[in-house]
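So the structure is just underneath, and the comments pick up after that.
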Amino acid sequence: MKKKRYIFPKTTFDILFSILVIVFVLSWLIPIVALFIFLESKEKTFFTQKRVGKNGKTFNILKFKSMKGTAPENDPLLSKDEEARITKFGKFIRKYRIDEFPQFINVLRGEMSIVGSRPERQVFLDEIIKHIPKYKKLQQLKPGITSLGQIKYGYADNLNQILKRARYDLVYLDNLSFVTDIKIILSTVIIVIKGKGR
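The sequence shown: position 130 = 129 (numbering that gives the first Met the number 0), numbered continuously.
Rendered as structure tokens:
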């Protein structure tokens, strides 16, 4: 892995870009989103969930809450199973990936990167590694707000789709560079503008 030449500019970019997003976007976006969430569902503004980060260390990922209620703790649902709980406003913020914006706070905390592999729950990560042992190498890097797997495949509804998405993230592992990160970020911006999230 091209460690020093890649990690230093990546980390510097992550910190500076996240500060800009938090100051110029999240500072006004949080109260607006909080108001709409409260008016529609009386839910809390943020959703947190344990995810696996660099070197297997777990952290609480931060998102705007797009669903009603709480997911069963011992029943890790896939996106298709969760759809019934998504609110109308939740569908909107997911479509434009607005629900992901609080993860810039995770980046500033040092738990995530802007670009990386998808931060998975432990149960799904174990399944991926069982089928694709090489995937474990991705744990040498911080997971990302966006990823090649998310761009090329998007959300997954079952294990087979999770594995297909995971293989795209392995392509990212084989092509690590700051230029690759910038290309993924630009592709993500296009997806956000076009509202191709869900």
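Quick reminder that beta carbons are idealized off the backbone N, C-alpha and C, glycines included.
Source: prediction; values computed, not measured.
Alpha carbon to alpha carbon, what distance is there between residue j and residue i?
{"i": "LYS53", "j": "SER116", "result": "10 angstroms"}
{"i": "LYS56", "j": "ILE128", "result": "16 angstroms"}
{"i": "ARG4", "j": "VAL51", "result": "25 angstroms"}
{"i": "VAL24", "j": "ILE104", "result": "12 angstroms"}
{"i": "GLU82", "j": "ILE131", "result": "28 angstroms"}
{"i": "VAL20", "j": "ILE29", "result": "12 angstroms"}
{"i": "LEU137", "j": "ARG84", "result": "31 angstroms"}
{"i": "ASN157", "j": "VAL170", "result": "21 angstroms"}
{"i": "PHE91", "j": "THR145", "result": "18 angstroms"}
{"i": "GLU110", "j": "LYS9", "result": "14 angstroms"}
{"i": "LYS198", "j": "VAL178", "result": "Nothing about residue 198 can be reported from this structure: the residues present for the chain run from 0 to 197 only."}
{"i": "PHE16", "j": "ARG166", "result": "27 angstroms"}
Between residue i and the rest of its own chain, which residues show a CB-CB distance below 7 angstroms, the 5 nearest in sequence each way excluded?
{"i": "LYS64", "result": "ILE36, GLU42, LYS43, THR44, PHE45 and PHE46"}
{"i": "ASP13", "result": "VAL106, SER112 and ILE113"}
{"i": "GLY196", "result": "ARG93, LYS94, TYR95, ARG96 and ILE190"}
{"i": "GLY68", "result": "ARG84"}
{"i": "LEU162", "result": "ILE127, HIS130 and ILE131"}
Could you name the residues of the same chain whose beta carbon sits closer than 6 angstroms to that of residue i, not counting the 5 residues immediately before and after it, in chain order?
{"i": "ARG164", "result": "GLY148, TYR152 and ALA155"}
Of the choices the options, whose alpha-carbon is the least far from that of residue i?
{"i": "GLU39", "options": "ILE14, THR86 and ARG50", "result": "THR86"}
{"i": "LYS182", "options": "PRO30, PRO101 and ILE150", "result": "ILE150"}
{"i": "LEU34", "options": "GLY89, PHE58 and LYS9", "result": "GLY89"}
{"i": "TRP27", "options": "PRO101, PRO8, PHE91 and LEU15", "result": "PRO101"}
{"i": "PRO142", "options": "ARG108, VAL20 and ILE21", "result": "ARG108"}
{"i": "ASN159", "options": "LEU61, PHE123, PHE58 and PHE16", "result": "PHE123"}
Grab me the residues of residue i's own chain with a C-beta within less than 8 angstroms of its C-beta, minus the 5 sequence neighbours each way, in chain order.
{"i": "ILE18", "result": "LEU107"}
Residue range of the alpha helix (DSSP H) that residue i falls in?
{"i": "LEU279", "result": "The structure shown does not extend to residue 279, since the chain spans only 0 to 197, so no value can be given for it."}
{"i": "PHE37", "result": "26 to 40"}
Along the chain, where does the beta strand (DSSP E) that runs through residue i open and close?
{"i": "ASN159", "result": "No beta strand (DSSP E) holds ASN159; the alpha helix (DSSP H) holding it covers 158 to 173."}
At least 3 beta-carbon pairs within less than 8 angstroms: the stretch 121 to 137 vs the stretch 89 to 108: no
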